[in-house]
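Structure first, then comments.
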Amino acid sequence: MKKLLSPLFVFSSLFLFSCCSNLMPTNDIITSLDEKQENKQALELKSVVQITSMVRSVLISLDEQKIVSYAEKTSQASGVIIKHTTYGTLILTAGHVCDVIDDRQIKAIHEEYSKDKHTTENNTQFVIRTNDKMVSAVKVYSNYADETCILLSQPLSLPVSSIAKVKPKIGETIFLVGYPIGLWSPNYFPIFDGSFAGEVINEGTPSFITTIVAYHGSSGGPIFNKNGEVVSLLHGFFSNANSLSLGTTLVSLESAVGITNEMLLINGQNYKTELDKLIPEKIIQSWYEE
């Protein structure tokens, strides 16, 4: 199998490019549903959000107790609201969206320094954009191997999307909602359609494979069936065929939600306390001023 491109998040420098073609108007997906589902589907589109990840990695000298190397990365991706809790709102996205800088990247950034005399500190912050507001979020659960991550954001008054109980049939039409190249605006829901093509193992990761056109910035975008249920999350595409894309499996989604619910029972108040200290506007302002 051909090697995948790097994860589908998009860097801020790509904002000037025009958006992908092959956009499917929102009305097309709504009118393709049973009449009883129309209002429900229209509401569920509002559960799709844009995620901005801001990561700083610093290398500190243990001998001199000072920063000797510094790196940062900002990226945009997509996600979907799946639950409202007493602590905040749960947002489901792809694993690499939450782990923007992995160990290999850190090693490359700081490769000239010896590990035994230096320590690395990483700080990741998340800002969520929705139709009517901007909020902060913290990571509750992340599994890079399964490409799942769940963020807890400050409370959002938006509908949730439910996770399907049954995977699509091969050839079944499915719909991706996400924000390619980081382009975002209120009441803007780019929808791409394609077919479910089965399951594959790619570089050790079980994945659904689809014929949905994908591009950077759509990572973590929900893939819906015709009933408006989430059947997968987009997490990759093939470098020489971006009309073949990869998504998380339903098993991975169910596992992520189950573990997150358990973590909230134990540490929910701690996550809320951390969230209460975060002001999204100040996060973005400080990021670009420094």
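Read left to right, the sequence shown gives residues 8 to 297 (the numbering used here).
From the three backbone atoms N, C-alpha and C, an ideal C-beta is built for every residue, glycine too.
Nearest-angstrom Cα separation, counted from proline 229 out to tyrosine 195: Answer to the nearest angstrom: the Cα atoms are 15 Å apart.
Rounded separation between threonine 59 and glutamate 206 - CA only: Threonine 59 and glutamate 206 have their C-alpha atoms spaced approximately 29 Å apart.
State whether the stretch 141 to 157 contacts the stretch 182 to 197, with contact taken as three or more CB pairs (one from each stretch) at a distance under 8 Å. no
Rounded Cβ spacing between tyrosine 151 and isoleucine 157 (contact assumed at less than 8 Å): Contact flag wrong, Cβ pair sits at about 13 Å.
Please classify glutamate 154 as buried or exposed, where buried requires at least 16 other C-beta atoms within 10 Å of its C-beta. buried
Where does proline 187 sit, in a helix, a strand or coil, going by DSSP? helix
Could you round the C-beta distance between glycine 254 and threonine 217 to whole angstroms and report it? I think they count as a contact, below 8 Å. 6 Å
So aspartate 283 is in the alpha helix (DSSP H); what residue range does that whole segment cover? 257 to 283
Could you tell me whether the Cβ atoms of serine 214 and leucine 183 are closer together than 8 Å? no
Consult DSSP for threonine 100 and reduce its assignment to one of helix, strand or coil. In this structure, threonine 100 counts as strand in the three-state DSSP scheme.
Using beta-carbon positions only, say whether glutamate 236 and isoleucine 170 come within less than 8 Å of one another. yes
Are the Cβ atoms of proline 162 and threonine 96 separated by less than 8 Å? The Cβ-Cβ distance between proline 162 and threonine 96 falls below 8 Å.
Measure the C-alpha to C-alpha separation of proline 175 and lysine 289 and round it to an integer number of angstroms. 42 Å
For the beta strand (DSSP E) containing histidine 242, name the first residue and the last one. Per DSSP, histidine 242 belongs to the beta strand (DSSP E) from 237 to 245.
Excluding the five sequence neighbours on either side, which residues of its own chain have a C-beta within less than 6 Å of the C-beta of isoleucine 286, listed in chain order? none
Are there 16 or more other CB atoms within 10 angstroms of the CB of valine 55, so buried, or fewer, so exposed? buried
Leaving out five residues before and five after glycine 102 in sequence, what residues of the same chain have Cβ atoms less than 6 Å from its Cβ? Ser149, Asn150, Tyr151, Glu154, Thr155, Cys156
Spatial neighbours of glutamate 281 within its chain, please: C-beta separation below 6 Å, excluding the five flanking residues on both sides. Val145
Which residues in the same chain as threonine 180 place their Cβ atom closer than 7 Å to its Cβ, once the five residues preceding and following it in sequence are excluded? Asp200, Ser202, Lys233
Which class does isoleucine 286 belong to by DSSP, given the choice of helix, strand or coil? coil
For lysine 146, report the span of its beta strand (DSSP E) as first-last. Counting along the chain, the beta strand (DSSP E) containing lysine 146 begins and ends at 141 to 150.
Give a yes or no on whether the C-beta atoms belonging to proline 187 and tyrosine 222 are separated by under 8 Å. Between proline 187 and tyrosine 222, the CB-CB gap stays under 8 Å.
Indicate the three-state DSSP secondary structure (helix, strand or coil) for proline 32 in the structure shown. Confidence at proline 32 is low in this model, with a pLDDT of 36, below 50, so the placement of that residue should be treated as unreliable; the coordinate-derived value is given next. Reduced to three states, the DSSP call for proline 32 is coil.
Following a CB-centred definition, is glutamine 276 positioned closer than 7 Å to any heavy atom of the ligand FAD? The ligand content of the structure shown is nil, which means the ligand FAD is not present either.
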